[in-house]
Amino acid sequence: MTSFYKPGEREVTGVGLIGTGFMGKCHALAWNSVRTVFGDVEKPRLVHLGEANADLAAQRASELGFEKSSGDWRAVIADPEVDVVSLTTPNQFHPEMAIAILQAGKHLWCEKPMAPTLAEAEAMAAAARKSGKVAVLGYNYIQSPAIRHIRQLLDEKIIGDVNHLRVEMDEDFMADPDAPFFWKHEATSGYGALDDFAVHPLSLISALFGRVGSVMCDMAKPYPDRQVAGGGRRAVETYDIASSLIHLENGVSGTLLVNRSAWGRKGRIQVQIFGSKGSIVFDQERFNEIQLYVTSDRATEQGYRTILAAPAHEPYGKFIPAPGHGLGFNDLKTIECRELLARIAGQPARVIDFDDGLEIERTVHAMAKSFAEQKWVRVR
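Read in full-length UniProt numbering, the sequence shown has 304 at position 304, and its numbers run on one by one without any break.
The structure is reproduced here in structure tokens:
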């Protein structure tokens, strides 16, 4: 096996995991598969898992393959055999935990978004810089072979100079007006769709185009209150819908629309990119496809062509040798895990670190300020 670690250098193999919900399991699957898929890293050692209580932690450790478990997250970061920690708790817990992990001298793979407030996100980024450790965020959609290929098409100016961008993210897990109140409806979780959803499209914008310069945003609550256990109703404190006009620092105009209450949408992130010589369309619900329109085609054949993901679109071939068979959500997490390990080894890596993530957080908070003040707001 050819490794990207230098001879004699200790590989980072000791993994800790805090939180084992949806994203915690995704991280565990990635740690378990990264060696098998890529072959240029040693198999990570799943050392210590932390959960809300000891019984749940022991159950999850058995299911996910961790050697030890604790009902206290502090025990995970205190473990000398843990080199890198996956942090997948709800985002209101990120600041305290992330800073403690970095201060303990561990590398960190933290799920998005960074934190409910900008001040907390800034403190996390400062802790990462001070620690000298690698701290990256779980923006796995940028790892898609399709998104990587779109970046290449843009670099090669296949559609000419880009002049407009439209990005939408929709799901329907909050579309039912009779669904009960839960933690994502609390103000402590953030603004709502802005920091729960918009951060993902913003990560794609960051990877493809760079920073957002200014924003004008509106937000809405489709259901002002929700039923609670035991009877009664509670006011919804977050906004499930957000719409924003954006100007990128490179001069491109755009729109960003997000909705957590969009019946029929399950995992939709649609990106439309318009240029002087064509356009590109990508939809996360069909994320093994790219739609490409180029004016260089003859007039008799002009139209959108479908490009299916294939081994030519790296790193698709590490998973599947045949075109058109398709990757899945968890595969993107495995790619992200490989990129994290490359960054830890001092190699070039496609990741959104805490400083990059802080720019996304600044954009989200600028959008919230725009809504509150009903005006255009500069991000920086």
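Where a beta carbon is used, it is the ideal one built from N, C-alpha and C, also for glycine.
Short Cβ contact (9 Å threshold) for residue i with residue j
i: proline 201; j: isoleucine 273; result: no
i: leucine 46; j: phenylalanine 22; result: no
i: phenylalanine 37; j: aspartate 195; result: The question names phenylalanine, yet the displayed sequence has valine at residue 37. Result no, Cβ atoms of valine 37 and aspartate 195 do not sit closer than 9 Å.
i: arginine 166; j: alanine 207; result: no
i: phenylalanine 181; j: valine 258; result: no
i: leucine 56; j: leucine 17; result: no
i: valine 215; j: valine 377; result: yes
i: leucine 87; j: lysine 68; result: no
i: glycine 231; j: asparagine 288; result: no
i: glycine 19; j: glutamate 336; result: no
i: alanine 115; j: asparagine 91; result: yes
i: serine 203; j: isoleucine 241; result: no
Among the options, nearest to residue i - alpha-carbon criterion
i: tyrosine 304; options: Ser70, Ala175, Val15 and Lys277; result: Lys277
i: serine 262; options: Tyr239, Asp172, Leu308 and Asn250; result: Just to set this straight, residue 262 is alanine in the shown sequence, not serine. Minimum Cα distance to alanine 262 is reached at Asp172.
i: proline 95; options: Ala126, Ile344 and Gly105; result: Ala126
i: valine 136; options: Asp178, Ala78, Leu358 and Phe371; result: Leu358
i: isoleucine 28; options: Ala54, Ser62 and Ala52; result: Position check: residue 28 holds alanine in this sequence, whereas isoleucine was assumed. Checking every option, the nearest Cα to that of alanine 28 belongs to Ser62.
i: glutamate 168; options: Asp79, Lys318, His149 and Ala198; result: Ala198
i: glycine 213; options: Ala98, Gln92 and Ser370; result: Ser370
i: proline 145; options: Trp183, Val134, Gly317 and Cys217; result: Gly317
i: isoleucine 280; options: Lys157, Ala52 and Pro177; result: Lys157
i: alanine 229; options: Leu308, Thr89 and Ala179; result: Ala179
i: aspartate 218; options: Gln374, Asp331 and Gln347; result: Gln374
i: valine 251; options: Asp155, Asp161 and Gln227; result: As written in the sequence, residue 251 is glycine, which differs from the valine given in the question. Minimum Cα distance to glycine 251 is reached at Asp161.
Assigned secondary structure, residue i (DSSP; H/G/I helix, E/B strand, else coil)
i: methionine 174; result: coil
i: tyrosine 139; result: coil
i: methionine 219; result: strand
i: asparagine 91; result: helix
i: phenylalanine 38; result: helix
i: tryptophan 263; result: coil
i: aspartate 101; result: Note on identity: in this sequence residue 101 is isoleucine, with aspartate being the wrong assignment. In the structure shown, isoleucine 101 sits in a helix (DSSP, three-state: H, G or I).
i: valine 82; result: coil
i: tryptophan 31; result: helix
i: glutamine 272; result: strand
i: glutamine 59; result: helix
i: residue 394; result: Residue coverage of the chain in this structure runs from 1 to 380, which leaves residue 394 outside it and unanswerable.
i: glutamate 96; result: helix
N- and C-terminal bounds of the beta strand (DSSP E) containing residue i
i: residue 382; result: Here the chain covers residues 1 to 380 and nothing more, so residue 382 does not appear.
i: glycine 278; result: 278 to 283
i: isoleucine 246; result: 241 to 248
i: valine 47; result: 45 to 50
Segment limits, alpha helix (DSSP H) that includes residue i
i: isoleucine 77; result: 73 to 78
i: histidine 149; result: 145 to 155
i: serine 296; result: Neither: serine 296 is in no alpha helix (DSSP H) and is coded neither H nor E.
i: arginine 129; result: 118 to 131
i: phenylalanine 371; result: 354 to 373
Neighbour flag for residue i against chain B, beta carbons, 9 Å
i: serine 206; result: Here there is only one protein chain, and chain B is not present.
Every unbroken alpha helix (DSSP H) within the stretch 303 to 341, with a cutoff of 4 residues, ordered by chain:
The stretch 303 to 341 contains these whole alpha helix (DSSP H) runs: 316 to 319.
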